[in-house]
Structure formats: C-alpha cells, structure tokens
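Heads up: the structure comes next, in structure tokens.
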Amino acid sequence: MCASFAWQAIEWAHLLETGSDSSPSGPAQTFNAQPLSNLEPLFGPVQVISDNTPPPSTNLRLTLLGSFVHETPEHSIAIIQYEGGKPRRFRAGEEITTGVRLHAVYRDRVELERAGRRESLSFPPPRSRIQASGSASPGQPASNVIDDLSGLQEDNAAELRERMEKLRQEMEESGSLPADDTAEQPLESE
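In full-length UniProt numbering, the protein residues as written are 1 to 190.
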C-alpha cells in the first residue's frame with residue numbers, strides 16, 4: 001500500500017510540474033481526468049446523489065409532527081418530537097440533538113444531517129379511523145399528542161411574554177417609554 005501511495009504521489013507531482021510549465025496567457029487547456037482515476041482505489045468511486053430522491057430514512061427515535069415550508073429555506077420550521085419527549089420547533093440549520101442538524105424542511109418530510117450524511121424523517125403513517133376514534137395508538141394516545149402540541153403553544157406564549165417584559169424593562173431603563181404609560185396598555189386577555 002505504501003508503494004502504491006508513493007507511486008501515486010510521484011505521478012501527482014509530475015502532473016503538477018507539467019501543469020506549471022504552461023503559460024497563463026496561453027490557450028485554455030482541457031483537463032484530463034485520467035490521473036484522477038488513479039486516486040479511485042484510495043478514496044473509492046464518486047457517488048452522485050440526485051436531488052430528486054430523498055436520502056435514506058433515519059434510524060433515530062424522532063417523530064415529525066409538523067412542517068412549515070417557507071419560500072426562503074432558512075425560515076422553514078419543523079416540529080419534531082424526540083423519544084416521546086416534548087415536541088420542539090426547529091429551524092433549518094438548527095441542531096436537534098448532539099451531532100444532528102435539521103438540514104431542510106419539505107412538505108412531506110425533513111432532511112437531517114448526521115456525521116456529514118443526510119437522512120430523511122417522514123411523517124408517521126396516518127392512523128385509521130378506528131384507531132383515531134377508538135382508544136390509543138400503540139405508541140401514544142392521540143390526546144397526549146394534542147396535549148404536547150398545546151403545551152408547545154403555551155411554552156411559545158410564555159417565551160413571548162418574557163421577551164416582551166424584558167423589552168419593556170429595557171425601554172424604561174433607556175427612557176424611551178414612560179413608566180406610567182404601561183398601565184394604559186391593553187393586556188393579552190383584553
């Protein structure tokens with residue numbers, strides 16, 4: 001193997017020397033891909049992945065509960081639940097768990113990036129009417145999923161209230177907002 005590597009290094013150095021002898025103002029050279037094929041035994045053949053087919057399914061214990069596709073891909077959002085935990089919102093590019101990022105959001109699935117590879121996470125198969133109207137599905141009752149989603153909405157509202165309170169305090173401290181005007185502001189419940 002060392003001899004093969006040494007031989008390929010010599011061929012590569014020779015290729016670089018012959019490429020540097022040509023003048024930059026001369027006619028454009030056509031690139032010969034033959035020397036690159038010598039590297040194939042070291043690194044393997046180039047794998048071409050078409051964008052039309054989704055990557056293989058992930059084996060992570062994640063459940064896709066919602067996908068909101070925005071015309072700007074970075075603004076797309078997915079609601080993902082990890083191993084029966086609380087559902088959370090993720091934007092494209094955010095880390096879901098250690099080493100796993102949400103790469104892209106589509107209408108019917110999301111793509112995850114894990115260890116440099118892409119994996120797809122699709123919506124769970126739809127439940128039949130008998131399961132939906134009857135008792136629970138094998139994994140989790142329908143009422144628990146609804147409770148989890150409403151809990152997510154309550155968490156978002158609480159986070160918004162905290163942000164609004166912090167902003168109000170900052171404005172009062174900077175003198176932008178008189179302290180007595182806050183009593184006249186309508187509350188969320190009004």
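In this text, a Cβ means the ideal position worked out from N, Cα and C, and glycines have one as well.
### Task
Output yes or no for whether 8 angstroms exceeds the beta carbon distance between leucine 102 and glutamine 81.
no
#### Entry: Supposed contact pair proline 56 and glutamate 119 - C-beta distance, whole angstroms, cut 8 angstroms
6 angstroms
### Query
What are the boundary residues of the beta strand (DSSP E) that includes residue 209?
Past the boundaries of the shown model lies residue 209; the chain is included only from 1 to 190, so the question cannot be answered.
### Message
Taking the straight line between their C-alpha atoms, what separation do you get for proline 124 and aspartate 108?
### Response
10 angstroms
### Message
Could you compute how far the alpha carbon of glutamate 159 sits from the alpha carbon of tyrosine 106?
### Response
27 angstroms
### Query
Where does isoleucine 146 land, buried or exposed, given buried means 16+ other C-beta within 10 angstroms?
exposed
### Task
Go to serine 120, then tell me how far its beta strand (DSSP E) extends in each direction, as first and last residue.
117–122
### Task
Identify, in the order they occur along the chain, each residue of the same chain with its Cβ nearer than 8 angstroms to the Cβ of valine 100, setting aside the five sequence neighbours on each side.
Counting only Cβ-Cβ distances below 8 angstroms, and skipping sequence neighbours, we find Leu60, Leu112, Glu113 and Arg114.
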